[in-house]
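Step one of this worksheet: look at the structure below.
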Amino acid sequence: MIATLTGVLAERDGESVVVQTDGGVGYAVTVPAGVAQRLPANGSRVSLYTELVVKEDGWALFGFDRAAERQVFQRLLGASGFGPKLALALLSALGPERTVRSILGRDLTALSSVGGIGKKKAERLVLELRDRFGDVVLEPQGVRPAGGDDAVRALTGLGYTPGAAEDAVRAALAGGAQEETPQLIRRALQQLVAKGGR
1 MIATLTGVLA
11 ERDGESVVVQ
21 TDGGVGYAVT
31 VPAGVAQRLP
41 ANGSRVSLYT
51 ELVVKEDGWA
61 LFGFDRAAER
71 QVFQRLLGAS
81 GFGPKLALAL
91 LSALGPERTV
101 RSILGRDLTA
111 LSSVGGIGKK
121 KAERLVLELR
131 DRFGDVVLEP
141 QGVRPAGGDD
151 AVRALTGLGY
161 TPGAAEDAVR
171 AALAGGAQEE
181 TPQLIRRALQ
191 QLVAKGGR
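Residue numbers (the numbering used here): 1 to 198.
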């Protein structure tokens with residue numbers, strides 16, 4: 001199994017990247033939208049936690065910038081009817097923290113908002129996985145000011161994924177943004193535009 005991958009970010013196309021190792025081999029890796037947005041520019045050195053998925057029709061390598069996100073992906077693959085594409089779609093739309101919170105909190109609305117996951121599949125996901133995240137240590141969310149939730153809602157209303165919006169608001173708050181919602185939205189938008197992603 002390929003557990004980690006370190007090398008130079010040679011190419012990127014949406015959620016697909018190529019990491020060129022020091023040995024000269026380029027690995028095609030599929031990453032969640034949030035990871036794609038956090039990756040540095042092409043030519044930069046990167047390290048990814050990886051999960052190799054072997055199926056009848058081929059092998060696929062999935063990459064994550066945090067071990068905990070890889071753990072969430074692995075748990076999602078353990079649910080009935082959840083393949084790597086659907087697990088990746090869930091992580092891309094909600095991010096790992098919100099995915100786990102939605103499963104533990106039985107938030108069927110959030111889970112079923114992701115394409116390919118209807119209410120029944122969301123219910124099955126909660127039923128099968130709600131007790132399987134005890135050992136997954138995610139970044140602490142911390143206390144977010146009331147304007148933070150409003151800012152995330154505003155950014156998702158503009159078409160950004162919930163995961164990207166959460167990351168941008170968190171970065172804006174870490175960068176010292178004011179707690180007033182309009183200023184927070186402005187700083188978060190600057191983060192998103194600088195990364196060039198949705």
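All C-beta atoms in this analysis are idealised placements derived from N, C-alpha and C, irrespective of residue type, glycine included.
Give me, in chain order, the residues of the same chain whose beta-carbon lies closer than 6 Å to that of residue i; leave out the 5 immediate sequence neighbours on both sides.
i      : result
Glu128 : Ala79
Val126 : Ile103, Arg106
Ala36  : Glu15
Ile2   : Thr50, Leu52
Quick check on residue i: buried or exposed, where buried means 16 or more other Cβ atoms within 10 Å of its Cβ?
i      : result
Ala151 : buried
Leu155 : buried
Asp167 : buried
Arg170 : buried
Ala122 : buried
Pro96  : buried
Leu108 : buried
Gly159 : exposed
Glu51  : buried
Ala174 : exposed
Val17  : buried
Gly7   : buried
Ala28  : exposed
Val19  : buried
Residue range of the alpha helix (DSSP H) that residue i falls in?
i      : result
Ala68  : 67 to 77
Thr109 : 108 to 112
Ala89  : 84 to 104
Val35  : 33 to 38
Ala194 : 181 to 195
For the beta strand (DSSP E) that residue i lies in, which residues bound it at each end?
i      : result
Ser203 : There is simply no residue 203 to check, as the chain begins at 1 and stops at 198 in what is shown.
Gly118 : It is not in any beta strand (DSSP E) - Gly118 carries neither H nor E in the DSSP assignment.
Ser80  : From DSSP, Ser80 is part of no beta strand (DSSP E); its letter is neither H nor E.
Phe133 : Where Phe133 is concerned, there is no enclosing beta strand (DSSP E), given that its DSSP letter is neither H nor E.
Leu5   : 4 to 13
Thr30  : 26 to 30
Gly159 : Counting along the chain, Gly159 falls outside any beta strand (DSSP E), and DSSP gives it neither H nor E.
Ala60  : 58 to 64
Leaving aside the five residues before and after residue i along the sequence, list all residues of the same chain whose C-beta is less than 7 Å from its C-beta, in chain order.
i     : result
Ala41 : none
Just confirm the distance between the C-beta atoms of residue i and residue j, as a whole number of angstroms; I'd bet it's less than 8 Å.
i      : j      : result
Thr4   : Ser47  : 6 Å
Gly115 : Ala89  : 6 Å
Phe62  : Thr30  : 5 Å
Arg184 : Gly148 : A small fix is needed here, since residue 184 is Leu in this sequence, not Arg. The pair is a contact, with the Cβ atoms about 7 Å apart (cut-off 8 Å).
Arg130 : Arg75  : Contact doesn't hold; Cβ gap of about 11 Å is too wide.
Val100 : Val72  : 6 Å
Ala110 : Leu94  : 6 Å
Do we get a CB-CB distance below 8 Å when we pair residue i with the residues of chain D?
i      : result
Arg153 : In the structure shown, chain D cannot be found, because there is only a single protein chain.
I'd like the list of long-range same chain contacts for residue i, defined as Cβ closer than 8 Å, with 5 residues on each side in sequence excluded.
i      : result
Arg38  : Asp65, Asp167, Lys195
Ser92  : Glu15, Pro32, Ala33, Gly34, Thr161, Gly163
Arg124 : Ala79, Ser80, Gly81
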